[in-house]
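Heads up, the thing below is written out as structure tokens.
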Amino acid sequence: MPKLKKSFQTILLLLVALTMVMAGCSSNSKSSTSEGNTKSDNEAQGQPQKGGEIKIAYGVDITNFDPIKGTTGNDHALLWPVYETLVKFTPDMKPEPGIAESWEFPDDKTMVLHLRKGVTFHDGTPFNAEAVKFNIERVNSKDSQISDLKSIESVEVVDETTVKLHLSKPDSSILLALSDRGGMMVSPTAVNKYGADYSQHPVGAGPFEVTNHIPNGQIDYAAFKNYWKKEQIYLDKMTVKIIPDANSQINALKSNQVDFVPGIAAQNVSSLKNNPNIVVSNENTLGLGMLYLKTNVEPFNNKAVRLAVLHGIDRQQLIDAINFGQGEVAAQPFPKGYWAHNDSINIKYDPEKSKQLLKDAGLNDVSFTLVTYPIDWWTRLANAIKGQLEKVGITVKIETLEANAAVQKFMTDKEADALTGNWSGRPDPQMTINSLYSKDSFYNPGKISTPDAESLILEAAATYDQEKRAELFGKIVNEAIVQEGFSIPLFTTPAIQAMNKKIKGFQPNLLGKPIFSTLWVNQK
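Mind the numbering: the sequence shown is residues -23 to -1, 1 to 501 in mature numbering (1 follows the signal peptide of the UniProt record, and there is no 0), read in order.
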């Protein structure tokens, strides 16, 4: 390992301290309760058993099997079985080796990755430094939806198993960014072979291969026999059934048609708690319920309207009525107890202020179309928001579209005024800041920003001290949300997962997204 410059050694120590504190605060930021059989029952699971298959109910289909083109956080759980990442994360969001077995920072704008030997893609293509260069350059291409690796200016192949990343500027989030979509390695051979149709033929180096995909119907996975860590593949097969209706998911679980249901709706927990054959895990996460706004056209190009919506929504009422008391009021993208949370940032429900903002702006006929999904929970949320905003003089028209079409219309085609959606969190808080509030982000389709926000975002990205980072994140959130209303945070979203008691190996994480490849079946 090259000797680190003394100044950057200090930076790295701070970065390590940052990740340790993230782990240390997990007792505050990630609590768990369980109904029926307890989660500890699931963790007291004995020696993993090989073989068998599981069936999983999932509410929406994947938007794209190409990691650089997917558009929602729901995709991650369906991508992880297929793709290995350069860096992995622990349940409490500490970085750990993936198919990059180690790394070092010779200075604050250089990162060196040392790659594992003996890793191959599903099509037999070797994983090596050239594959990493291909992937990172592809992530940063014009065809990509990913902005997390934009600080990487160039990729240098040192030798077969060594890659040097040259950064245009210091980037405190780069390590955990390589545990997200930007670090998912696709087969260069498959991309070159299939071109624009690659998403129909996904090829990674992960523990499972996709053997069949019926859009909005079913995804079949089979264990990859040449996986580099094959002793840790327990299942022979996995089947994901796309079941949008929450009640149908529960019925399928109770009747053994499926074995695992991620993202259980809060109102369904009570129907499972006394079932001796089902385990329910309830975990706090980095996720949020959000109202995204298209800010470059009427009515949301007017700050008064954005702030009227911000203060015109009663978040606690939404939690009580829609979420059955699950979750907490959110005024920022970081939950209480998480190190990036700022206690001084609050948004008061104040319908009179909303009315006054509209009056002062000379607005008396404000309306917008809110796109949501044809799923009971989402339509109830949209209607609740509609009712609250109409009390302050804002008319809301609701349009329901299948999830992928809704995201396409709002985020990509930029043809909708607003969208209800989840923010699923990111491994590093800087990634969340970049994604939600940067003018260049996919999740900011109106490209709204202010000079202060952009300046603070750049400063935070170049800062490694955790306390200073948290302070800067607070300033960014205050500017973007409290002062400008770029988007509207609603409430935190706990991850409620339900599974048959025979399913073992489930490991919750702060992202609230299940990693299916750790699961195994107790066949006794």
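Ideal Cβ positions, reconstructed from N, Cα and C, are used throughout, including at glycine.
As summarised for the stretch 46 to 99, the continuous beta strand (DSSP E) elements at least 3 residues long and confined to that stretch are 64 to 66, 72 to 74, 77 to 84, 87 to 92, given in chain order. Judged by DSSP in its simplified three-state form, T166 adopts helix. Under the DSSP definition of a beta bridge, P466 partners with M267. Taking C-alpha positions only, V37 is separated from D84 by approximately 43 Å.
In terms of Cα proximity to K71, the closest of G240, P406, N233 is P406. In the three-state DSSP reduction, V238 falls in the strand class (E or B). By the beta-carbon neighbour count (other beta carbons within 10 angstroms, threshold 16), S156 is buried. Sixteen is the threshold: when 16 or more other Cβ atoms of the shown chains lie within 10 Å of the Cβ of P310, as they do, the residue is buried. Annotation note: the stretch 389 to 473 contains the following uninterrupted alpha helix (DSSP H) runs of length 4 or greater, listed N- to C-terminal: 406 to 414, 428 to 438, 443 to 454. Taking the Cα positions, L287 is about 22 Å away from P471. Below 8 Å, enough C-beta pairs join the stretch 265 to 273 and the stretch 376 to 396 to call them touching: three or more. Distance from the CA of P253 to the CA of N203, rounded to the nearest whole angstrom, comes to 38 Å. Residue environment for S118: exposed (fewer than 16 other C-beta atoms within 10 angstroms of its C-beta). Boundaries of the alpha helix (DSSP H) around F111: 106 to 116. If you keep only unbroken beta strand (DSSP E) runs of at least 3 residues inside the stretch 140 to 210, you get 185 to 191, 195 to 200. Boundaries of the beta strand (DSSP E) around A34: 30 to 35.
The beta-bridge partner set that DSSP reports for P103 consists of T97. Under the rule that a run must span 3 or more residues, the beta strand (DSSP E) segments found entirely inside the stretch 250 to 331 read 255 to 260, 265 to 270. Taking the CA atoms as reference points, K218 sits about 22 Å from N259.
Bounds of the alpha helix (DSSP H) holding T356 are 353 to 367. Sorting K65, D148, F468 by C-alpha distance to the C-alpha of I290 places F468 at the top.
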